[in-house]
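Asks:
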Amino acid sequence: MKRVVSISLGSSRRNHKAEVNLKGVSFSVERIGTDGDMNKMIALLKELDGQVDAFGLGGIDLYIGTPARRYTLRDGKKIVSAVRKTPIVDGSGLKDTLERMTISYLIKQGWDLRGKTVLLTSAMDRWGMAESFVEAGCELEIGDFIFALGIPIILRKLTTLERAARFIAPLAVLLPFSVLYPTGHKQDASAGKFGRYFSGKDIIAGDFNYIYRHMPEGMKGMIVITNTVTPGDVEELRRRGVRTLVTTTPVLNGRSFGTNVMEALLVAYSGGRGPLSNAEYTRQLQELDFRPRIEQLQ
Numbered sequence: 075m076k077r078v079v080s081i082s083l084g085s086s087r088r089n090h091k092a093e094v095n096l097k098g099v100s101f102s103v104e105r106i107g108t109d110g111d112m113n114k115m116i117a118l119l120k121e122l123d124g125q126v127d128a129f130g131l132g133g134i135d136l137y138i139g140t141p142a143r144r145y146t147l148r149d150g151k152k153i154v155s156a157v158r159k160t161p162i163v164d165g166s167g168l169k170d171t172l173e174r175m176t177i178s179y180l181i182k183q184g185w186d187l188r189g190k191t192v193l194l195t196s197a198m199d200r201w202g203m204a205e206s207f208v209e210a211g212c213e214l215e216i217g218d219f220i221f222a223l224g225i226p227i228i229l230r231k232l233t234t235l236e237r238a239a240r241f242i243a244p245l246a247v248l249l250p251f252s253v254l255y256p257t258g259h260k261q262d263a264s265a266g267k268f269g270r271y272f273s274g275k276d277i278i279a280g281d282f283n284y285i286y287r288h289m290p291e292g293m294k295g296m297i298v299i300t301n302t303v304t305p306g307d308v309e310e311l312r313r314r315g316v317r318t319l320v321t322t323t324p325v326l327n328g329r330s331f332g333t334n335v336m337e338a339l340l341v342a343y344s345g346g347r348g349p350l351s352n353a354e355y356t357r358q359l360q361e362l363d364f365r366p367r368i369e370q371l372q
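Structure, rendered in structure tokens:
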């Protein structure tokens, strides 16, 4: 049995383990949260290095970027440098393939997205999804400044974000990652600080920890398109009135894992020694028939 482990900077409350079989190949898939403790995360990676088939880097990105340039996060680079033997991925490969395919899949299923208002929590983290919404005719509102930097400015064009990124991203990637993203037990709190930006939107999309931390009490009739959710998260979305939940990753033993876990799974499945190309990810996703989870909550 092959073993895939995601070591996450996030909350241990979201830990999960599953066994899956892909085309006759058995896998043990596990997510281990370190509650924001980067030293513990590095220690676990060193301990398991060479003993597992692939690592997922959870709760932190290695890269953010635009089509013009990719920026490496200093904290992400520090963590990855601890691994010498086992392939390690952060999910960015699937964000640019699987998440594009998810929007395409919804359209093929008869979803008319033209004119829908979409709040995307971060486009630099999910450029493929952002472009897919624009191509589908959505009215996109981009929340990178709000959710990552705490600056209450909404952007409406990817070209504007791309220009701004040239100046802001080289500085932002030097910040402690906990400044840019909720880590550890911050992922357990839903404060609703920027909940006003959810108002009037048809679709809320992006990283679930950003969504959960800022979502308002009332989300009646909204569609949420995101990545990893626990059964408890699903019930909370239902309670707040969310109509439909879409997760870009499929359900494994009752919950969807993050893109970093699924990317690590594909790397282990291929026997690769590192991240695959977008073409290889796309081919594997089609071969394994990975489909998004669509759940009506009301």
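For the sequence shown, the tail end lands on 372 under my numbering, and the numbers increase by one without skipping.
All residues carry an ideal CB built from backbone N, CA and C; glycine is no exception.
Here the structure is a predicted model, which is why all the values come from computation and not from measurement.
Taking only three categories from DSSP, how would you classify Leu83?
Replies: Here residue 83 corresponds to residue number 9 of the sequence shown, with the count starting at 1. Residue state, collapsed to three classes: coil.
Asks: Do you know whose CA, among Met296, Gly211 and Asp127, lies nearest Ser100's CA?
Replies: As a first step, residue 100 is located in the sequence shown; it is residue number 26 there, counting from the start. The shortest C-alpha separation from Ser100 is found at Asp127.
Asks: If you run the structure through DSSP and keep just helix, strand and coil, what is Gly107?
Replies: As a working note, residue 107 is residue 33 in the sequence shown. Strand.
Asks: Alpha helix (DSSP H) containing Ala238: first to last residue?
Replies: Looking up residue 238 in the sequence shown gives position 164. Residues Leu232 to Ala246.
Asks: Run the CB neighbour count on Thr233, radius 10 Å, all protein chains shown included, and call it buried at 16 or more, exposed below.
Replies: Here residue 233 corresponds to residue number 159 of the sequence shown, with the count starting at 1. Thr233 comes out exposed.
Asks: Start and end of the beta strand (DSSP E) containing Lys294?
Replies: On the sequence shown, position 220 is the one that residue 294 refers to. Here Lys294 belongs to no beta strand (DSSP E), and DSSP marks it neither H nor E.
Asks: In or out: Glu169 buried (at least 16 other Cβ within 10 Å) or exposed?
Replies: For this step, residue 169 is matched to residue 95 along the sequence shown. According to the sequence provided, residue 169 is Lys. The question's Glu does not apply to it. It counts as buried.
Asks: Please report the straight-line C-alpha distance between Phe331 and Leu214, rounded to a whole angstrom.
Replies: On the sequence shown, position 257 is the one that residue 331 refers to. On the sequence shown, position 140 is the one that residue 214 refers to. Going by the C-alpha atoms only, they are around 26 Å apart.
Asks: Alpha carbon to alpha carbon, how far is Phe268 from Ile216?
Replies: Here residue 268 refers to the residue found at position 194 when the sequence shown is read from its first residue. Here residue 216 refers to the residue found at position 142 when the sequence shown is read from its first residue. Those two C-alpha atoms are separated by around 13 Å.
Asks: Please work out which residues of its chain come closer than 6 Å, Cβ to Cβ, to Arg77, disregarding the five sequence neighbours upstream and downstream, and give them in chain order.
Replies: Here residue 77 refers to the residue found at position 3 of the sequence shown. The answer, listed in chain order, is Ser102, Val126 and Asp127.
Asks: To which residues of the same chain is Ala92 closer than 7 Å at the C-beta, ignoring the five residues directly before and after it?
Replies: Residue numbering aside, residue 92 sits at position 18 when the sequence shown is read from its first letter. Here the set comprises Val103, Leu326 and Asn327.
Asks: DSSP three-state label for Gly132, please.
Replies: Residue numbering aside, residue 132 sits at position 58 when the sequence shown is read from its first letter. Strand.
Asks: If contact is defined by three or more beta carbon pairs under 8 Å, each pair taking one atom from either stretch, is the segment 359-369 in contact with the segment 306-321?
Replies: The segment 306-321, when compared against the segment 359-369, does touch it at the 8 Å Cβ threshold.
Asks: Indicate the three-state DSSP secondary structure (helix, strand or coil) for Phe364 in the structure shown.
Replies: Walking along the sequence shown from the start, residue 364 turns up at place 290. Note: Phe364 maps to coil in three-state DSSP.
Asks: If you draw a straight line from the C-alpha of Val154 to the C-alpha of Thr302, how long is it?
Replies: Translated into the one-based positions of the sequence shown, residue 154 becomes position 80. Translated into the one-based positions of the sequence shown, residue 302 becomes position 228. Their backbone Cα atoms lie some 22 Å apart in a straight line.
Asks: If you count every other CB in all the chains shown that lies within 10 Å of the CB of Met75, and 16 or more means buried, which is it?
Replies: Taking the first residue of the sequence shown as position 1, residue 75 is located at position 1. It counts as exposed.
Asks: For Tyr255, report the span of its beta strand (DSSP E) as first-last.
Replies: Along the sequence shown, read from residue 1 onward, the residue named residue 255 stands at position 181. Counting along the chain, Tyr255 falls outside any beta strand (DSSP E), and DSSP gives it neither H nor E.
Asks: Assuming contact is defined by CB atoms lying nearer than 9 Å, are Leu359 and Leu172 in contact in what I supplied?
Replies: Within the sequence shown, residue 359 is the residue found at index 285, counting from 1. Within the sequence shown, residue 172 is the residue found at index 98, counting from 1. A contact, by the Cβ cut-off of 9 Å.
Asks: State the start and end residues of the unbroken beta strand (DSSP E) segment that holds Val94.
Replies: Mapped onto the sequence shown, residue 94 falls at position 20. Per DSSP, Val94 belongs to the beta strand (DSSP E) from His90 to Leu96.
Asks: Comparing C-alpha positions only, which one of Gly211, Lys152, Asp186 and Ala243 sits nearest to Arg144?
Replies: Locating residue 144 in the sequence shown gives position 70, counting from the first residue. Here the closest residue by C-alpha is Ala243.
Asks: Looking at C-alpha atoms only, which residue of Arg240, Val247 and Ile225 is the closest neighbour of Gly150?
Replies: Residue 150 sits at position 76 when you count from the first residue of the sequence shown. Here the closest residue by C-alpha is Val247.
Asks: Helix, strand or coil for Ser178, going by three-state DSSP, please let me know.
Replies: Taking the first residue of the sequence shown as position 1, residue 178 is located at position 104. Helix at Ser178.
Asks: Given 8 Å as the limit, is there contact between the segment 173-183 and the segment 197-208, that is, 3 or more CB pairs closer than that?
Replies: The segment 173-183, when compared against the segment 197-208, does touch it at the 8 Å Cβ threshold.
Asks: Do Gly98 and the ligand ZN come close, with the Cβ less than 8 Å from some heavy atom?
Replies: Inclusion of the ligand ZN in the displayed structure is not the case, the ligand content being empty and no account of it being possible.
Asks: Check Gln372 in the structure and name its three-state DSSP category.
Replies: Here residue 372 is taken as the residue at index 298 of the sequence shown, counted from 1. DSSP places Gln372 in coil when its eight states are reduced to three.
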